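A short write-up of the structure that comes next.
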Amino acid sequence: MTENNQHIVQLLLKHHSIDVSPFDETFLEKSLQKRIAVMNCLSQEEYFIFLQKNKKEGIRFSHSLFICYSEFFRNPLTFAFLERLILPSLIAKKIYSKQKEIRIWCAACAAGQEAYSLAMLLEENKNGNANKFNYRIFATDQSQQEINEAQKGHYSDSAIKNLTIKRFNKWFIKHGNNNTIIPELKTHIDFSVFDLFNPQLSAPPASIFGDFDLVICANLLFYYKPEYRKTILSKINKCLAREGFLITGETERDILSKNNYKEVYLHSGIFQKKQQP
Ligand SMILES: C[S@@+](CC[C@H](N)C(=O)[O-])C[C@H]1O[C@@H](n2cnc3c(N)ncnc32)[C@H](O)[C@@H]1O
Numbered sequence: 461m462t463e464n465n466q467h468i469v470q471l472l473l474k475h476h477s478i479d480v481s482p483f484d485e486t487f488l489e490k491s492l493q494k495r496i497a498v499m500n501c502l503s504q505e506e507y508f509i510f511l512q513k514n515k516k517e518g519i520r521f522s523h524s525l526f527i528c529y530s531e532f533f534r535n536p537l538t539f540a541f542l543e544r545l546i547l548p549s550l551i552a553k554k555i556y557s558k559q560k561e562i563r564i565w566c567a568a569c570a571a572g573q574e575a576y577s578l579a580m581l582l583e584e585n586k587n588g589n590a591n592k593f594n595y596r597i598f599a600t601d602q603s604q605q606e607i608n609e610a611q612k613g614h615y616s617d618s619a620i621k622n623l624t625i626k627r628f629n630k631w632f633i634k635h636g637n638n639n640t641i642i643p644e645l646k647t648h649i650d651f652s653v654f655d656l657f658n659p660q661l662s663a664p665p666a667s668i669f670g671d672f673d674l675v676i677c678a679n680l681l682f683y684y685k686p687e688y689r690k691t692i693l694s695k696i697n698k699c700l701a702r703e704g705f706l707i708t709g710e711t712e713r714d715i716l717s718k719n720n721y722k723e724v725y726l727h728s729g730i731f732q733k734k735q736q737p
């Protein structure tokens with residue numbers, strides 16, 4: 461660990477009981493430089509002295525480590541594979557085996573964009589499918605604020621830029637600058653707070669036993685140190701159904717490959733459950 465990181469980790473723990481040690485070193489260093497600039501401190505030492513005495517800044521620093529940016533259909537290639545290949549085959553398998561429902565977990569859902577994107581794909585498939593199927597999406601995040609936003613389903617004009625006009629007209633109601641998800645799309649999604657590092661819980665309690673056909677954990681792993689990424693991946697792998705899919709962010713594919721996951725289609729960001737040796 462660099463000297464700066466060691467200092468900030470120890471200072472936050474000692475003075476404010478905040479543990480930022482799980483975060484990736486480079487990310488921690490960049491976040492530190494940003495807070496120094498925001499607070500107009502002339503040197504790192506000045507910022508450390510200020511931080512030591514100021515609990516509010518300790519909290520602000522730790523909050524700055526949770527980046528909540530998200531988009532609808534964020535990685536177009538991943539969503540194209542989901543729309544054309546993965547979801548149709550999952551649906552066909554469920555219908556054929558007369559199983560009850562497709563179970564999905566969005567494990568870091570931010571303000572809900574990812575969960576709603578998946579729900580749109582599944583609903584659209586329902587409309588074109590003579591056979592009935594059911595699905596349930598458990599969408600979780602460590603932030604209560606993000607979950608509140610997700611449940612409301614209000615988005616600004618800039619937040620909906622990735623959507624086609626057809627999808628927008630079908631799934632949103634426009635009120636001035638605000639675009640609201642229609643209630644019908646919310647009926648199969650269960651939003652709740654869930655910290656992936658909570659040692660007491662192996663899956664969102666609402667899902668009862670996990671057994672997910674698909675888990676999406678995108679744009680989260682790279683914020684953490686390798687040993688913490690492993691903890692998250694192991695938790696997810698355990699609650700994936702046999703042959704279940706694990707989806708990750710575009711820039712996190714290497715992390716999964718290094719952890720011996722096999723990508724189903726090259727560059728798709730879609731991996732399959734690792735069988736236990
Ligand atoms: C950059 S956003 C990614 C959102 C979405 N998955 C996407 O790819 O667009 C990262 C999200 O991970 C959440 N997060 C970070 N650490 C977490 C943890 N330990 N448990 C659950 N959620 C976490 C943050 O609150 C944030 O909403």
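With our numbering applied, the sequence shown covers 461 to 737.
Ideal Cβ placement from N, Cα and C applies to all residues, glycine included.
Here the structure is a predicted model, which means the values were calculated and not measured.
Neighbourhood of residue i by C-beta distance below 7 Å, restricted to the same chain and skipping five residues each side
i      : result
Ser652 : Thr600, Ile607, Pro664 and Ala666
Gln512 : Leu471 and His475
Ile478 : Leu472, Gly518 and Ser522
Asn465 : Glu485, Leu488 and Glu489
Ile546 : Phe705 and Ile730
Glu531 : Gln573 and Asn622
Phe508 : His467 and Leu471
Leu492 : Asn464 and Ile468
For residue i, the nearest candidate out of the options (CA to CA)
i      : options                           : result
Trp631 : Leu578, Leu661 and Glu703         : Leu578
Tyr595 : Glu583, Val469, Gln466 and Gln605 : Glu583
Ser549 : Phe526, Gly729 and Asn585         : Asn585
Arg627 : Phe669, Lys612, Leu581 and Gln605 : Leu581
Ile519 : Val469, His635, Ser530 and Leu545 : Val469
Lys558 : Asn591, Asn535 and Leu542         : Asn591
Ser662 : Asn535, Cys699, Pro686 and Thr647 : Cys699
Cys528 : Phe731, Ala610, Asp484 and Glu561 : Ala610
Pro482 : Ser616, Lys685, Asn719 and Ser717 : Lys685
Lys554 : Leu525, Ala619, Phe541 and Phe593 : Phe593
Gln604 : His648, Phe654 and Tyr556         : Phe654
Ser616 : Lys634, Asn587 and Ile562         : Lys634
Glu687 : Ala619, Gln504, Glu505 and Phe657 : Phe657
Close-in-space but distant-in-sequence residues of the same chain around residue i (CB under 8 Å, 5 per side omitted)
i      : result
Arg702 : Lys733
Phe510 : Met499, Cys501 and Glu517
Sequence-distant residues of the same chain with beta carbon closer than 6 Å to residue i, five excluded per side
i      : result
Phe533 : Phe539, Ser577 and Asn622
Trp565 : Phe598, Phe672 and Val675
Leu681 : Arg689, Glu712 and Ile715
Where residue i falls: helix, strand or coil (DSSP)
i      : result
Val653 : strand
Gly704 : strand
Leu674 : strand
Phe593 : coil
Tyr721 : coil
His635 : strand
Arg563 : strand
Asp479 : coil
Tyr684 : strand
Ala599 : strand
Tyr529 : coil
Leu581 : helix
Gln660 : coil
His467 : helix
Asn622 : coil
Thr486 : helix
Residues that residue i bridges to, as DSSP identifies them
i      : result
Phe731 : Leu706 and Glu723
Thr691 : Looking at the DSSP assignment, Thr691 forms no beta bridge with any residue, so it has no partner.
Ala610 : Answer is none; Ala610 lacks a bridge partner.
Thr640 : His614 and Ile633
- Query: How about the segment 597-610 and the segment 554-570: do they share at least three Cβ pairs that are nearer than 8 Å?
  - Reply: yes
- Item | Cβ contact check for the segment 675-683 and the segment 705-719: 3 or more pairs under 8 Å | yes
- Message: For the structure I just gave you, are there three or more beta carbon pairs, one from the segment 682-697 and one from the segment 634-643, closer than 8 Å?
- Response: no
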